[in-house]
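In this note's numbering, the protein residues as written are 3 to 732. Presented below is the structure to which this report refers.
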Amino acid sequence: MKPLRIVSDGILYASLGACCGLVLVAVGQPIFTDDLWWHLGLGAAYAEQGPWLAGDPLLFTATGAPSPSSWFADLGLFAWLQAAGFTGLRALHVGLVVAILALVWTSARRVGGSPRVASLVTTAVALLSSYRFFQLRPHLFTILAALLLYRILLEPARLPSRWRVLAATVLLGVWANLHAGFVLGPGLLAVSLLALLLAAPLRSSAARAADRTRAGSLAAALVLGVVATLLTPGGYETYLASLGAGSDMLSEVAVIDEWRPTHLLSLPVANLPPSPLSWCLIWALVVATALAVPRALRGWRSDAPHLPGTQVDPALLGMALAGVVLMVLAVRFLWLAVFPLLFLVGVLRVLPARRADLSTPMRVALALVPLLLVPGFLKYGDWPMISKAISGRWQDYEPSYPAAKYHGHAAWLMGDAGLEGRLFARYSEGGFLGYWLAPAIRTATNGSLNMSEEAFRASLLLRERRGSEEHPDFAALLDAQGIDLFLGSGLPVAGAENRPPAYTTNYLEGAPGWLPVFRNLDSALYLRLNPRNADNLQRIASYYADRGVPFDPVRGFDPARVLQQSPAWSLRHGLLPADFQALKARAGSGAAPPLRAAALDRLAGLYLLLGAYEQAREADAALLGLVPARLSALRRQLWLRAQAFPEGDPQAMAEWGERLAAVSAGDRLDQELVAAARRVNAGGSLLPHVRARLSAMHRAQGQALLAGVESPETRPPRRTLALTATSADP
Numbered sequence: 003m004k005p006l007r008i009v010s011d012g013i014l015y016a017s018l019g020a021c022c023g024l025v026l027v028a029v030g031q032p033i034f035t036d037d038l039w040w041h042l043g044l045g046a047a048y049a050e051q052g053p054w055l056a057g058d059p060l061l062f063t064a065t066g067a068p069s070p071s072s073w074f075a076d077l078g079l080f081a082w083l084q085a086a087g088f089t090g091l092r093a094l095h096v097g098l099v100v101a102i103l104a105l106v107w108t109s110a111r112r113v114g115g116s117p118r119v120a121s122l123v124t125t126a127v128a129l130l131s132s133y134r135f136f137q138l139r140p141h142l143f144t145i146l147a148a149l150l151l152y153r154i155l156l157e158p159a160r161l162p163s164r165w166r167v168l169a170a171t172v173l174l175g176v177w178a179n180l181h182a183g184f185v186l187g188p189g190l191l192a193v194s195l196l197a198l199l200l201a202a203p204l205r206s207s208a209a210r211a212a213d214r215t216r217a218g219s220l221a222a223a224l225v226l227g228v229v230a231t232l233l234t235p236g237g238y239e240t241y242l243a244s245l246g247a248g249s250d251m252l253s254e255v256a257v258i259d260e261w262r263p264t265h266l267l268s269l270p271v272a273n274l275p276p277s278p279l280s281w282c283l284i285w286a287l288v289v290a291t292a293l294a295v296p297r298a299l300r301g302w303r304s305d306a307p308h309l310p311g312t313q314v315d316p317a318l319l320g321m322a323l324a325g326v327v328l329m330v331l332a333v334r335f336l337w338l339a340v341f342p343l344l345f346l347v348g349v350l351r352v353l354p355a356r357r358a359d360l361s362t363p364m365r366v367a368l369a370l371v372p373l374l375l376v377p378g379f380l381k382y383g384d385w386p387m388i389s390k391a392i393s394g395r396w397q398d399y400e401p402s403y404p405a406a407k408y409h410g411h412a413a414w415l416m417g418d419a420g421l422e423g424r425l426f427a428r429y430s431e432g433g434f435l436g437y438w439l440a441p442a443i444r445t446a447t448n449g450s451l452n453m454s455e456e457a458f459r460a461s462l463l464l465r466e467r468r469g470s471e472e473h474p475d476f477a478a479l480l481d482a483q484g485i486d487l488f489l490g491s492g493l494p495v496a497g498a499e500n501r502p503p504a505y506t507t508n509y510l511e512g513a514p515g516w517l518p519v520f521r522n523l524d525s526a527l528y529l530r531l532n533p534r535n536a537d538n539l540q541r542i543a544s545y546y547a548d549r550g551v552p553f554d555p556v557r558g559f560d561p562a563r564v565l566q567q568s569p570a571w572s573l574r575h576g577l578l579p580a581d582f583q584a585l586k587a588r589a590g591s592g593a594a595p596p597l598r599a600a601a602l603d604r605l606a607g608l609y610l611l612l613g614a615y616e617q618a619r620e621a622d623a624a625l626l627g628l629v630p631a632r633l634s635a636l637r638r639q640l641w642l643r644a645q646a647f648p649e650g651d652p653q654a655m656a657e658w659g660e661r662l663a664a665v666s667a668g669d670r671l672d673q674e675l676v677a678a679a680r681r682v683n684a685g686g687s688l689l690p691h692v693r694a695r696l697s698a699m700h701r702a703q704g705q706a707l708l709a710g711v712e713s714p715e716t717r718p719p720r721r722t723l724a725l726t727a728t729s730a731d732p
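Laid out in structure tokens, this is it:
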């Protein structure tokens, strides 16, 4: 039977290793964390000015200096970047997660005594925490510090020595300068202390004596630790900020993937944590913990002598219950599953059945269960949300960061042209743009949330192409915010559920007082025309003149003209794919009808993305002459007419809507376009924010159009940031 045991262990370890390996592959992908960039930018400011900043160097909407709660982590990440580069930063990320998983495995091994059980616990923690792990942010230091605090001071059956109390105090002091989550440290100590006190009536006299000694050490560590955490730039205010985190409108709306509660009585929401697999694991953990608590309490009442390993540690029970509560309160705390899992391991160890050896067939059957976690994680776990930069090709995994995600062509152009001012861009892009462009250009928002609720509400409304109560018009709200530069981005594709509009590229097309200064397939940059931006207009004109690219200071950037006169520059800056000239040749009348139809379809889509709408209409007219029921062409034409409302002809729009309805399979994209056409024909309105929600193509079709487009270059870290300047102010 020994070979079967070897096989069962091999299956167990291989499946668990595959899950952890997938998590590490996601962790090591090109830097995908939006918030990392503003942490690096602030780290540069801390390196120059120390932890007490005079103001926010990255945001123009900031009400004051950013909170210094993670100043030491920001400084450390920036210093590591300067020393080791972006590749070193990725290696540090993987190293931190490996250290966390190693601490989890060794902790479970010390509590349960079984490497198999320890491997199961580590895999469960990896799966539940993968959405947190794949983000390189200071919260990783909180996870690591919490596990270190447990090993130093809170591990079962260990009486803390003075040296351990001192080590825990130092740890808490450093932790308080690394991340606002440091309050978990004193919290874990307080919960453990309270659990020891409440368990005293149920414990034997010998156990109570040991618990009193342990409680005294924990109380000393708690007092000294709280004092150490006050030795930070923020002092006691850091506690107030940490305890209030997630309770304001900014956190609830902007970081919904962190502070939303885990709704156990409703199914998971698409594209947001927890994933279906995590939701099932949480349920299993909650139920198992609830069933195990009575067993732990009964063990304390036992008259058996108190020996190490014969009873469950009260402090571990307290940490387990606290972990379950926090996991339910907010999805960002799913990693705290480590404590209820350690508690369950402790309960299993003291069960009489635990000492009975399982039969070999049962071992094999149990080993097959974790094997199901691999496909479950890939399809129903966090993997779809954390593998955004992983395509299976090394070429996509090799770059240090995905510059295309942040529309690097437009970002580099702003920096290279020397533009200055206030920039509006997506919330998720604010950190990247701030790191590379501040202080000459500062953004409206980033993940630091160091802005007023009024400014944040304005950014949300602008993202939705809306105005506010005070400024009902979208353009008026832009003016009220003093925006100089507007970076529109995205493709007109059907957006993901529970996410804001994906397409802002065309928001300022033809808007009075705004000039298009750059356009490619997935982004557009607009400059507000006013005396303050006269120098910016001169800078962008000089930038194009130096490169021989046509630019009209009155009409702005004309993509069709640039394609014709500067094809090489257009290729390098994402205006066209590598096969563009071949497409134009195949779209000619000499090609076979199927080849010509495919070329015209792709060509029309590319022209639409560029804003070259006349060329898009011509290509679609030729395509519909060949294939009158071509869905993609009908969608594009109806979308173009919807974007032109109210200048367009309502009757013509209605006719295109009925043509689409006649051949459509009835998917959501088509239904929304047809409904818009019928609404207009019936005399209804089509407000700007409604048009912003309409889509011209499915996501896969939009991504296919970008095939062969040259990605923005990956630039090395900035060496001199000069973040004390304030040239972004009006």
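A virtual CB, placed ideally from N, CA and C, is assigned to each residue, including glycine.
Please report the distance separating the alpha-carbon of residue i from that of residue j.
{"i": "D418", "j": "A477", "result": "27 Å"}
{"i": "R468", "j": "P690", "result": "7 Å"}
{"i": "R720", "j": "W438", "result": "7 Å"}
{"i": "P68", "j": "G423", "result": "20 Å"}
{"i": "V733", "j": "L328", "result": "Look at the range of the chain in this structure, 3 to 732, and you will see that residue 733 is not part of it."}
{"i": "P307", "j": "I13", "result": "Only weak support exists for where P307 lies, its pLDDT of 49 falling under 50; the value from the coordinates is given anyway. Using only the alpha carbons, I get a separation of about 39 Å."}
{"i": "P404", "j": "T35", "result": "10 Å"}
{"i": "L232", "j": "N179", "result": "10 Å"}
{"i": "L44", "j": "P441", "result": "12 Å"}
{"i": "M251", "j": "A75", "result": "Confidence is the limiting factor: at M251 the pLDDT is only 49, short of 50, which leaves the residue's position unreliable and the question unanswerable from this model."}
{"i": "G183", "j": "H141", "result": "7 Å"}
{"i": "S280", "j": "D384", "result": "8 Å"}
{"i": "T108", "j": "A101", "result": "11 Å"}
{"i": "W588", "j": "L608", "result": "For clarity, residue 588 is Arg in the given sequence; the question names Trp instead. Approximately 15 Å between the Cα atoms of the pair."}
{"i": "F559", "j": "P342", "result": "59 Å"}
{"i": "T716", "j": "S450", "result": "24 Å"}
Just confirm the distance between the C-beta atoms of residue i and residue j, as a whole number of angstroms; I'd bet it's less than 8 Å.
{"i": "S402", "j": "I33", "result": "6 Å"}
{"i": "P552", "j": "L577", "result": "Wrong, their Cβ atoms sit about 12 Å apart, outside the cutoff."}
{"i": "S71", "j": "G320", "result": "Contact doesn't hold; Cβ gap of about 26 Å is too wide."}
{"i": "A654", "j": "R643", "result": "7 Å"}
{"i": "V739", "j": "G348", "result": "Residue 739 lies beyond the range of the chain shown here (3 to 732); nothing can be said about it."}
Could you check which residue in the options has the C-alpha nearest to that of residue i?
{"i": "S116", "options": "G550, G590 and Y15", "result": "Y15"}
{"i": "G512", "options": "A460, N538, S572 and A614", "result": "A614"}
{"i": "L336", "options": "S131, T215, L425 and L602", "result": "S131"}
{"i": "F1", "options": "L662, P569 and Y133", "result": "Coverage of the chain is limited to positions 3 through 732, which leaves residue 1 absent and any answer about it impossible."}
{"i": "E456", "options": "S393, S470 and I443", "result": "S470"}
{"i": "W165", "options": "D213, L220, T124 and A192", "result": "L220"}
Can you name, in chain order, every residue of its own chain whose Cβ lies under 7 Å from the Cβ of residue i, other than the five neighbours on each side?
{"i": "S17", "result": "P372, L373, L375 and V376"}
{"i": "A170", "result": "L151, I154, L155, A223 and G227"}
{"i": "F135", "result": "V25, V29 and V99"}
{"i": "L585", "result": "A601, R604 and L605"}
Going by DSSP in three states, residue i sits in which element: helix, strand or coil?
{"i": "F488", "result": "strand"}
{"i": "M453", "result": "coil"}
{"i": "V330", "result": "helix"}
{"i": "V556", "result": "coil"}
{"i": "W281", "result": "helix"}
{"i": "R604", "result": "helix"}
{"i": "R424", "result": "strand"}
{"i": "A358", "result": "At A358 the pLDDT is 44, less than 50, meaning the model places this residue with poor confidence and gives no usable figure here."}
{"i": "P203", "result": "helix"}
{"i": "V629", "result": "coil"}
{"i": "Y528", "result": "strand"}
{"i": "R139", "result": "coil"}
Tell me which residues share the same chain as residue i and place their Cβ nearer than 6 Å to its Cβ, disregarding the 5 neighbours each side in the sequence.
{"i": "D11", "result": "none"}
{"i": "G19", "result": "none"}
{"i": "A446", "result": "T63, F426 and S461"}
{"i": "A324", "result": "V193"}
Taking only beta-carbon atoms, is residue i less than 7 Å away from chain D?
{"i": "A667", "result": "Included in the structure is just one protein chain, with no chain D present."}
With a CB to CB cut of under 8 Å and the five nearest residues on each side skipped, what residues in its chain are close to residue i?
{"i": "P188", "result": "L174, L224, G227, V228 and T231"}
{"i": "G378", "result": "L279"}
{"i": "R356", "result": "The predicted position of R356 is uncertain, since its pLDDT is 45 and thus under 50; a value taken from the coordinates is nonetheless stated next. For R356, where only same-chain residues beyond five positions count, the Cβ hits under 8 Å are L350."}
{"i": "A543", "result": "F553 and P555"}
{"i": "T215", "result": "L161"}
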